[in-house]
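Okay, so here's the structure we're looking at.
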Ligand SMILES: NC(=O)c1ccc[n+]([C@@H]2O[C@H](COP(=O)([O-])OP(=O)(O)OC[C@H]3O[C@@H](n4cnc5c(N)ncnc54)[C@H](O)[C@@H]3O)[C@@H](O)[C@H]2O)c1
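Residue numbers (my numbering): 30 to 280.
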């Protein structure tokens, strides 16, 4: 059966849980070999590790311990992908965290922790992937996880929105820099998605859902479908785009 990502190798950061886990599983269903790169192997919401589920369904996956705030870890995850599968064709810079604080209460430690994961991790994850894709002289797709917080403000989320705004514009910049190498760089901008990250804060959830025309939270599988579009040849003329999937929240 023809698959949408047949023979491609994909590295997904933060793929042990939530959106990254759904993306990794969806890509594997479409024939990609997967590297799950995360600081933890066990999903935050419980269940079997992502790479085990993929292998049980007949797919190909490996787990690599990787802290995206470490450039060395990111490079090691790219190298492990190339060692195992022969190339890196799709990079999903998905790992991210949130810390809600009014700006007056945010300390330098909060700032450094969040930016190191959400922005530095995406910046150097993209750098490591692009270096590999340019070296292997083949086309590639990079998908960066932004958020609706990358295109508007959210309650007490100056740290998160600053980081995701950076991801939004970094995506445009890298699309311009590497179009000539046939490397497409796009971002996903989900609204409220039901994952361990959002289940921690019921009050914010209610606020956002009240303003969501579709009147419900999104599911990680819906984010994964959008990621599949950006990873596959179905989006072959799409680059530098921020794809919003938010149930109409920003409409
Ligand atoms: N859930 C939402 O509503 C929502 C909306 C928009 C954007 N996002 C973005 O989606 C991405 C995934 O979020 P999620 O909701 O699936 O969260 P989650 O907490 O369910 O999963 C995040 C995963 O990232 C991993 N991770 C955390 N720090 C890491 C690090 N330093 N290095 C490597 N891995 C690390 C965690 O271990 C976890 O497995 C994030 O970038 C988040 O900002 C989420």
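Ideal Cβ positions, reconstructed from N, Cα and C, are used throughout, including at glycine.
What you are looking at is a predicted structure, and each value in this text was computed from that prediction instead of being measured.
According to DSSP, what are the bridge partners of residue i?
i	result
residue 39	63, 119
residue 89	62
residue 213	170
residue 219	274
residue 130	186
residue 232	Per DSSP, none; premise fails for residue 232.
residue 94	67
residue 247	222
Go through its chain and collect everything with a Cβ distance to residue i's Cβ below 6 Å, but skip five positions before and after it.
i	result
residue 116	38, 165
residue 237	221
residue 53	41, 44, 63, 65, 79
residue 157	103, 104, 107
residue 35	60
residue 168	211
residue 138	none
So the candidates are the options; which of them puts its Cα closest to the Cα of residue i?
i	options	result
residue 267	257, 276, 177	257
residue 179	197, 185, 167, 172	197
residue 146	67, 160, 171, 161	67
residue 89	155, 136, 264, 114	114
residue 240	219, 275, 271	275
residue 217	168, 120, 230	120
residue 91	73, 98, 83	83
residue 51	261, 210, 248	248
residue 11	94, 96, 47	With the chain covering only 30 through 280, there is no way to say anything about residue 11.
residue 111	124, 138, 160	160
residue 181	138, 252, 280, 55	280
residue 69	184, 94, 55	94
residue 202	155, 128, 177, 231	155
residue 261	100, 118, 30	118
residue 162	184, 177, 209, 133	209
Ignore the nearest five residues each way along the sequence and tell me which others in residue i's own chain have a CB closer than 7 Å to its CB.
i	result
residue 126	143, 146, 147
residue 140	188
residue 32	59, 60
residue 286	There is simply no residue 286 to check, as the chain begins at 30 and stops at 280 in what is shown.
residue 207	159, 214
residue 97	42, 103, 124, 146, 150, 154
residue 100	153
I'd like the list of long-range same chain contacts for residue i, defined as Cβ closer than 8 Å, with 5 residues on each side in sequence excluded.
i	result
residue 215	170, 171, 172, 173, 200, 204, 259, 264, 267, 268, 269, 270, 271, 272
residue 234	221, 227, 228, 246
residue 244	238, 276
residue 250	51, 55
residue 252	48, 51, 52, 217, 219, 222, 274
residue 254	55
Fill in: Cβ contact (3+ pairs, closer than 8 Å) linking the region 182-191 and the region 48-61
no
Discussion item. Does the contact criterion of 3 or more C-beta pairs under 8 Å hold for the region 137-155 versus the region 194-213?
Written reply: yes
Worksheet item: Closer than 6 Å from C-beta to any heavy atom of ligand 1: which residues, in chain order?
Response: 42, 43, 45, 46, 47, 48, 49, 67, 68, 69, 73, 95, 96, 97, 98, 123, 124, 125, 126, 146, 174, 176, 219, 221, 222, 224, 225, 226, 227
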